[in-house]
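One line per chain: the protein sequences are A and B, in this order.
For the first sequence, the working numbering assigns the number 1 to the initial residue and increments by one for each residue that follows.
For the second sequence, the working numbering assigns the number 1001 to the initial residue and increments by one for each residue that follows.
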Amino acid sequence: MTDRSDDQLVMAYARGEERALRILVERWERPVFAFLDRMLGSPEEAEDLCQDTFIKMIRAADRYRPEGKFQSWLFRIAGNLARSRLRRRKILRWLPLNTEHDTTPAPGGDALDDLTGAEDRLRVRRAISRLPERQRAALILKQYQDMSYQQIADSMDTTVNSVQMLLHRAMQALRKDLLSKRNEP
Amino acid sequence: MTPSEHPTGPELQACHDGELEDTRSARIRAHCASCAACRGELEALASVAALLAADPDRAPVRPLWNAVRPGSRGPVPLGRMGWGLGLAACAAGIAAGLVFGPVDQATTAATAKSGWTETMTIWNGQATSPLLAVFENTGD
Ligand SMILES: [Zn+2]
């Protein structure tokens, strides 16, 4: 049952098989959560948006075209939600009377300060959180989802060349951040 | 590729990621065999990738299925952050003399129109000057 492709499962769900949908959700909830967790630097927010991602996916399932691009499609939904959330954070940091929320994790800030874990892991997470949003998305999709440039381009609505450039810049920034600090006392 | 023709940074990135055609990739690898600078670049990429790979995924606390399955009671209420943001938005909206709706619509419209918009200004409907300039540059 679970060896059916994503496309087969979406089609089965469209024909009324709820179990197919459950398999899809269980197959993808961890990768989508992990993507959102790294995008937002907050597991609580990642869980919220992970839920929203699947609800949107389910609502749009009848419009899905089975062309073997389910992963790109799903991460496009998740990426759009992450982008909206990050923008909303910025609006709220700008608006007046928002002083009680000064501790809101910033996408480019130290959102992960209060998390425990190995020092290296924290350093990696911080470095990723400091990347510009698009570079961060491309990097996470490549490094942690093992998506091809074409798949990343599909999910980010851009070109393969643009993905290549985003990844180049992201990796150079991470190199500067991680490798140079590695040798510091 | 002659020994003096170095591949570009993005090309080395694509080579590292296995995204180049075989012949192009072979040429770059051959170049790197005799060019310490480019070889160093590829090695640095591998080092960064190894560091990144050492950070495992975190897992969600609870399975999603019950919250998202059709016919369920819909999304579980937003976590602390969601409500906090919502309340802050309302408070700020009232203080600024507008409801939050227009801000949200403007945001949505700009996002839908331009995708990864870097900067935008939100205008108060009656005012002749921008009410707020929001969004830091998140571009590359
Ligand atoms: Zn060279």
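Note that CB positions come from ideal geometry on N, CA and C, so glycine has one too.
Asked	Found
Cβ closer than 9 Å: which chain A residues qualify as neighbours of A1050 of chain B?	Per Cβ cutoff of 9 Å: no residues; A1050 of chain B is ~10 Å from chain A at best.
Going along chain A, which residues have a C-beta under 7 Å from L1064 of chain B?	V25, E29, C50, Q51 and F54
For R1058 of chain B, which residues in chain A fall below 7 Å Cβ to Cβ?	A34, D37 and P43
Less than 8 Å between the C-beta atoms of R15 of chain A and D1055 of chain B, yes or no?	no
With a cut-off of 6 Å, give the chain-ordered residues whose Cβ is closer than this to any heavy atom of ligand 1.	B:H1006, B:H1031, B:C1035, B:A1037 and B:C1038
Leaving aside the five residues before and after E1041 of chain B along the sequence, list all residues of the same chain whose C-beta is less than 6 Å from its C-beta, in chain order.	L1012
Please classify D1022 of chain B as buried or exposed, where buried requires at least 16 other C-beta atoms within 10 Å of its C-beta.	exposed
Rounded to a whole number of angstroms, what is the C-alpha to C-alpha distance between D62 of chain A and D7 of chain A?	12 Å
Please list, in chain order, the residues of the region 1034-1048 of chain B that have any C-beta partner in chain A closer than 8 Å.	A1044, L1045, S1047 and V1048
Check for me: the alpha helix (DSSP H) holding E1005 of chain B runs from which residue to which?	Here E1005 of chain B belongs to no alpha helix (DSSP H), and DSSP marks it neither H nor E.
Between P1007 of chain B and chain E, is the shortest Cβ-Cβ distance under 8 Å, so that the two count as touching?	Given the protein chain composition of this structure (A and B), no chain E is represented.
Would you decide whether N1066 of chain B is buried or exposed? Buried here means 16 or more other CB atoms lie within 10 Å of its CB.	exposed
Taking only runs that begin and end inside the region 131-178 of chain A, name each unbroken alpha helix (DSSP H) of 4 or more residues, in chain order.	133-143, 149-156 and 160-174
Cβ closer than 8 Å: which chain B residues qualify as neighbours of I152 of chain A?	Chain B residues near I152 of chain A: none, gap ~10 Å exceeds 8 Å.
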